[in-house]
């Protein structure tokens, strides 16, 4: 009987991993099968951050919104991050009642939120995160029944290949982010610490040529102390957003590159984010298509002013000795002064650099929008 039921769990879980709104039925199945009140699927980073979570049952949802705050002192998180994948643990495997009585996570969060007793297992782990499945019930209900733990362990064994399959599909879809940019794009996907995960053929050429490199840990090295610091800052932190743009001069006499950093678009699946950020490198001297919408919005440019910016970047107005086009020379000079005022630029060269450094607009290539499940 449990074999057929577990197959149903696999179906529900696979559907839920690729459609967040379909995940609750899988967790409800788990509660019903194990005769417990609450179940959770969660992805934790090695830095005690919740990357994704789905929680169903009698748990106090409002109180449990503080779960991440307690992760550094939560013995369950510590135990599940360390145990072998697929191995089921309960509270008494890593903590006794005396320590529970003095532990802030149990006393302030787990027990008041009605998840004081639990069983959990790691379904998948990588260098950066771990995917965990758990069931729980109120403290006053006593330890979980042996039959409940056995059914949970059966469900864990059924869930592991499903999670592995979903991760392979997620990785495949993530690679398409680079594929869709084309082979000439100089783009790379990196982790939060700058570790290089994947990159385009154009980016590979820069590595081969020694324009940039990776260190012994696989982290990207832009061969410039200033650029590396700016790059690290653009990857975000506790209080900063991912994103930024800066100029890179790898060699004093070499080409300069415009660097743009943006978040990796979410893939619309549970825990499905491949990498932390995407880095673009473009030669500063290469013709580039400007971000029309972004520039007009950022600097309140009119259509006429934006067209002047395009022609300036293309070299049409680098020398104002000629005034061909739609505007007379006086009108062109006046428009350029307005544009410089709006962008805070003193010279034409400053303006061109600011236009080229403007962050890329990624809205056109984010095909996997994550559903809003807040």
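In this note's numbering, the protein residues as written are 1 to 374. All C-beta atoms, glycine included, are put in the ideal place defined by N, C-alpha and C. It should be emphasised that the depicted structure is a prediction, and the values quoted were computed from it without experimental measurement.
Query	Result
Residue 21 - containing alpha helix (DSSP H), residue span	Run containing residue 21: none; DSSP gives neither H nor E here.
Terminal residues of the beta strand (DSSP E) in which residue 199 lies	196 to 199
Rounded C-alpha distance that separates residue 116 from residue 91	9 Å
At least three beta-carbon pairs within less than 8 Å, the stretch 144 to 154 to the stretch 66 to 80	no
Environment of residue 343 [buried if 16+ CB atoms lie within 10 Å]	buried
Inter-residue Cα distance where the pair is residue 101 and residue 107	7 Å
Sufficient close CB pairs (3 or more, under 8 Å) joining the stretch 50 to 62 to the stretch 77 to 84	no
Cβ distance (whole Å) where residue 233 is taken to contact residue 218 below 8 Å	Rounded, the Cβ-Cβ distance is 20 Å, inconsistent with contact.
For residue 44 and residue 154, believed in contact at Cβ under 8 Å, the rounded distance	The pair is not a contact, with the Cβ atoms about 23 Å apart (cut-off 8 Å).
Assigned secondary structure, residue 43 (DSSP; H/G/I helix, E/B strand, else coil)	strand
Rounded C-alpha distance that separates residue 161 from residue 208	37 Å
C-alpha gap between residue 9 and residue 292, whole angstroms	48 Å
Cβ contact (3+ pairs, closer than 8 Å) linking the stretch 13 to 32 and the stretch 109 to 128	no
Spatial neighbours of residue 14 in its chain, beta-carbon cut-off 6 Å, leaving aside the 5 residues before and after	162
Cβ shell of residue 312 (< 8 Å), same chain only, five flanking positions each side left out	318, 336, 348, 351, 352, 355
Reduced DSSP category for residue 318 - H, G, I as helix; E, B as strand; rest coil	For residue 318, the pLDDT reaches just 47, beneath the cut-off of 50, and the residue's location in the model is therefore unreliable, although a value from the coordinates is still provided. Correct three-state label for residue 318: coil.
Cut-off 6 Å between Cβ atoms - residues of its own chain near residue 320, not counting five sequence neighbours on either side	Residue confidence for residue 320 is low, a pLDDT of 44 falling below 50, so the modelled location carries little weight and cannot support an answer.
Cutoff 7 Å; reference residue 282; Cβ partners in own chain excluding five residues on either side	186, 257, 258, 288
Residue 278 versus 62, 305, 260, residue with shortest Cα-Cα distance	260
Other residues of its chain near residue 63: CB distance less than 8 Å, five sequence neighbours each side excluded	109, 112, 113
Span separating the alpha-carbon of residue 73 from that of residue 105	6 Å
Environment of residue 374 [buried if 16+ CB atoms lie within 10 Å]	Unreliable positioning characterises residue 374 in this predicted model, as indicated by a pLDDT of 36, which lies under 50. A coordinate reading is not provided.
For residue 27 and residue 41, the rounded distance between their alpha carbons	8 Å
Residue from 18, 295, 303 whose Cα sits closest to the Cα of residue 168	18
Beta bridge counterpart(s) of residue 90 as assigned by DSSP	119
Residue nearest to residue 194 in terms of C-alpha spacing, selected from 262, 331, 247	262
Any beta strand (DSSP E) of 3 or more consecutive residues that is wholly inside the stretch 184 to 239	187 to 190, 196 to 199
Limits of the unbroken alpha helix (DSSP H) element including residue 99	97 to 102
Coarse secondary structure for residue 278, derived from DSSP in three states	strand
8 Å contact criterion, which residue 196 and residue 220 should meet: CB distance rounded	5 Å
Member of 164, 202, 190, 332 whose CA lies at the smallest distance from the CA of residue 180	202
Top-ranked residue by Cα proximity to residue 138, from 118, 229, 99, 299	118
Through-space distance from residue 296 to residue 334, alpha-carbon basis	18 Å
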